[in-house]
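The sequence shown begins at -14 in my numbering and counts up by one.
Idealized CB from N, CA, C, for every residue including glycine.
Every value quoted in this text rests on a predicted model; they were computed, and no experiment measured them.
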Amino acid sequence: MRGAIALVCLVAIVLFGRRAAAFLPTFTAWVDTLGVWAPVLFIAGYVVACVAFIPASILTIAAGATFGLVRGVLFVVIGASIGAIASFLIARYVARGAIERRLTSDPRLEAVDRAVAKDGRRIMLLMRISPAFPFGILNYALGVTRVSLGDFVIALIGILPGTTLYVYTGSVARTVTAAAGGTASPRGPAY
């Protein structure tokens, strides 16, 4: 049964990814029309995606296509950090009971709680670097553990490698699309 569910999820991700990829040029063109408000609205949208459990990988790729590598990484890290902190605080102070009820049936949460209580920053940093831990779920789950907000914020540095890779992918996609279409990339090279 789990295999069938995993297969359905994989197919859904592939199909959604293809649709989202087709929408990317339209999205970047729209963001380009926003001028100085583009980064602000992008960051706000990223925060909402984090809090609402919306996978932000497509947004992260779009950041590269829209803003280039350096600005894209900067805007994603700002949005992801604000969204992660908001999720953590919601879990800790607003929805703790509901989240604990959902997660206490999972023995992995107790193991994570023990691990972060013992060596919080290092464990969280490793979880941030690993793609095995979904970003949104991890933010809420860590909010109900004994980890401090300070350690949580410091461990957010672990999102940099993955963020940089996804943003770079978007930046390269825009450059390749522009080259294939015979137009120069308005952002210059992908790096």
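Shown here for E85: same chain residues with a beta carbon closer than 7 Å to its own, the five before and five after excluded, namely V129 in chain order.
T148 counts as buried, since at least 16 other C-beta atoms from the protein chains shown sit within 10 angstroms of its C-beta.
Of the residues C35, A50, I114, S66, the one whose Cα lies closest to the Cα of W15 is A50. Under the three-state reduction of DSSP, A50 is assigned to helix. Short of 7 Å from the beta carbon of F137, and not among the five residues preceding or following it, lie these beta carbons of its own chain, in chain order: F73, M109, L127. Annotated three-state conformation of I39 is coil, per DSSP.
Taking I114 as the centre and dropping the five residues before and after it, the same chain places the C-beta of G143, P146 closer than 7 Å to its C-beta, in chain order. By the neighbour-count criterion, in which 16 or more other beta carbons inside 10 Å mark a residue as buried, Y125 falls on the buried side.
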